[in-house]
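Read in order, the letters of the sequence shown correspond to residues 105 to 500 in the working numbering. Below you'll find the structure, written out as structure tokens, and then a few comments.
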Amino acid sequence: MGELMFLAHRIPFPPDRGDRIRSFHMLRHLARSRPVHLLGFVDNAEDRKAAKELLPMLASLHIEVRNKSRLRAGIEALMLGEPVSVAAFGSRRIMRMVDQLLAERPIDTILAYSGQMAQFVPDDREGRRFIMDFVDVDSEKFVAYGAEEGGLMGWVHRREGRLLAAYEDGIGRWADVNLFVSEAEAALFRRRAGLSSSHVRALDNGIDTAFFDPAGFPRIDGAEPMLVFTGQMDYRPNVEAVDYFARRTFPAIRAKHPSTLFAIVGRDPTPAVRALAGLRNVIVTGSVPDVRPWLAAAAVVVAPLDIARGVQNKVLEAMAMARPVVASPAAFEGIDAVPDEHLRVAQGYDMANAVLHLLTHPAEGEAMGRAARAHVVARYDWETQLRTLDALVGQP
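See below:
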């Protein structure tokens, strides 16, 4: 068995956000059976330092701090006629590292995590197997933005959606196999790119149910019931979700349950998110050392996303913590669970009604939470999910 090159748009440590959680578990799993060379980007010097925690499991680690501005990436994308998402991760240094490692090491498999990293896979792979983990069909997010916006930003997003879709389709036809986080995403890509089910496969996310275990966080019922949203709070879909919920949905809930709190839990809140703390009974935490106490304290966990791709880890984590979840249809898509048994699915004013019902009938919410955890333990264990990856990497 040869060695493997793992290209990551974010070095997967610490595994504290959706993209790094999936890549961390994939990396750790693969490194148990073969030498793995990890190359990719970090956002800052702090993440660069943290990434060194991965060294004991790796054959080598090569990191670049990504400091290219959005303006520069946009200009380069216009000049080159390529998606901004790809230009933002362009790096001659990473390209040189890839070429050097392929020349010096017996690497027989290249795995690129996130579409931006495919640009570093050599045109001539010399017989090496290339596995592309797109995670989700990212271009569809920009298509949705472009459809709802006018003016300059509408044009920018329509351009990005069009060019990124063409880029994804081309990479998909070139790779030996393409992975997506859910069968829904995989089916969408198959139809669009005209590829077969053997060429495009689903590799579901897992959940660390030993870590997300409510037994370690006994729930203390306070005087004020709390609704909780978790996520990276500079990510546009999350920002839009909490803004709508706090301003439009939560007041309807608070009108009937005046003491209810809404906690927005996640790192790097934008000014728009921080401003929500000025609303009655809304809490904005910023970065927290551990999200589990907040989930354990929640009467209901909400996921009111209007635009979502793939599988929402925030939903799986809340279910693993045995909390009742009310998710929008977009946040629920791709999750193998039964509505009204494992979670509630609702949107807009129906979401307010669903939350109010669970606040009024807490025993029903607790029963739903227990059913949710049992389902996640049975369905979303990481080792079970990653057996598919073993088979793909092991193929000649």
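Don't be surprised by glycine CBs; every beta carbon is placed ideally from N, CA and C. Computed from a predicted model, the values in this text were never measured in an experiment.
query                                                                                                                           : result
Boundaries (first-last residue) of the beta strand (DSSP E) holding F238                                                        : 233 to 239
Residue range of the alpha helix (DSSP H) that includes Y67                                                                     : Because the chain is modelled from 105 through 500, residue 67 falls outside the range shown and cannot be assessed.
Nearest residue (CA-CA) to P226, options I214, L496, S218                                                                       : I214
N457 versus I357 - alpha carbon distance                                                                                        : 8 Å
Assumed close pair A222, I275 - CB separation to whole angstroms, cut-off 8 Å                                                   : 5 Å
Rounded separation between E387 and V377 - CA only                                                                              : According to the sequence displayed, residue 387 carries Ile and not Glu. Cα to Cα, the separation comes out at about 10 Å.
Beta-carbon separation (whole angstroms), A422 vs V415, contact threshold 8 Å                                                   : At roughly 13 Å, the Cβ-Cβ gap does not stay under 8 Å, so A422 and V415 are not in contact.
Helix, strand or coil at G106 according to DSSP, with G and I counted as helix                                                  : coil
I179: first and last residue of the uninterrupted alpha helix (DSSP H) it sits in                                               : 174 to 184
C-alpha distance - E289 paired with T488, whole-angstrom precision                                                              : 20 Å
Inter-residue Cα distance where the pair is L380 and A350                                                                       : 7 Å
Rounded separation between V260 and Y339 - CA only                                                                              : 18 Å
Proximal residues to R121 (C-beta, below 7 Å), its chain only, five neighbours per side dropped                                 : Q336
Neighbourhood of E445 by C-beta distance below 7 Å, restricted to the same chain and skipping five residues each side           : A475
Proximity below 8 Å, CB of F316 to CB of M425                                                                                   : yes
DSSP-derived helix/strand/coil call for G438                                                                                    : coil
Where the beta strand (DSSP E) through A306 begins and ends                                                                     : 304 to 306
Contact the segment 191 to 201 vs the segment 167 to 176: 3+ CB pairs below 8 Å                                                 : yes
Closer than 7 Å: Q223 CB and nearest the ligand GDP heavy atom                                                                  : In the structure on display, the ligand GDP does not appear, and there are no ligands present to speak of.
The segment 388 to 401 contacting the segment 431 to 444, beta-carbon criterion three pairs below 8 Å                           : no
Straight-line Cα distance separating D440 from V480                                                                             : 9 Å
Validate contact between the segment 265 to 283 and the segment 303 to 321 using beta carbons, cut 8 Å, 3 pairs                 : yes
Spatial distance of I179 from Q451 (CA atoms)                                                                                   : 38 Å
Residue span of the alpha helix (DSSP H) that contains D123, given as start and end                                             : 122 to 135
Chain-order list of residues whose beta-carbon lies under 6 Å from that of T374 (same chain, five-residue window excluded)      : D338, V343
Reference F321, options A400, G258, S243, G370, closest by Cα                                                                   : A400
Beta strand (DSSP E) segment containing F366, residue limits                                                                    : 365 to 369
Rounded C-alpha distance that separates G258 from L267                                                                          : 14 Å
Closest residue to F110 among D212, P355, L331 (Cα-Cα distance)                                                                 : D212
Own chain partners of R152 with C-beta closer than 7 Å, once the 5 adjacent residues on each side are dropped                   : V146, I167, V169
Span separating the alpha-carbon of I198 from that of R114                                                                      : 13 Å
Where S127 falls, given that 16 or more other Cβ within 10 Å makes a residue buried                                             : buried
Contacts around P210, its chain only, beta-carbon distance under 6 Å, and the 5 residues preceding and following it disregarded : G106, E107
Within the segment 186 to 237, ranges of the beta strand (DSSP E) (whole runs, at least 3 residues)                             : 211 to 217
Nearest candidate by alpha-carbon position, reference A269, set F234, E186, L162, R427                                          : E186
Per DSSP, the bridge partner or partners of I115                                                                                : None, per the DSSP bridge assignment.
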